[in-house]
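Encoded as structure tokens, the structure appears first; notes follow it.
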Amino acid sequence: MSDTRYYEYVNNTLKRIRTEYGYIEGEVYHFYVKDHLDNNCLVVSEPMSSQAVNYYRSE
43 MSDTRYYEYV
53 NNTLKRIRTE
63 YGYIEGEVYH
73 FYVKDHLDNN
83 CLVVSEPMSS
93 QAVNYYRSE
């Protein structure tokens, strides 16, 4: 993966590398957990701590 759109820099320092399945920030890989509609509904890091949860009401 050498496309520059996957690399995020802040003040000329590499901040994050995005992948199809999540992103790497520092030495920690964050995984996207998708729902049945292929939407990102949860971000989980390597030590399995939840980073963000998106809940969509279905009414």
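Heads up, the sequence shown is in my numbering, so the first residue is 43 and it goes up one at a time. Note that CB positions come from ideal geometry on N, CA and C, so glycine has one too.
Practice prompt. Determine the closest residue to L56 out of E62, G68, Y74, L84, with distance taken between C-alpha atoms.
Written response: G68
Worksheet entry | Per DSSP, cross-strand counterpart(s) of M67 | It is Glu, not Met, that sits at residue 67 in the sequence shown. The partner list for E67 (beta bridge, DSSP) reads V70.
Worksheet item: Starting from R58 and walking both ways along the beta strand (DSSP E), at which residues does that stretch end?
Response: 55 to 61
Practice prompt. Would you kindly check if the distance between the Cβ of Y51 and the Cβ of I59 is under 8 Å?
Written response: no
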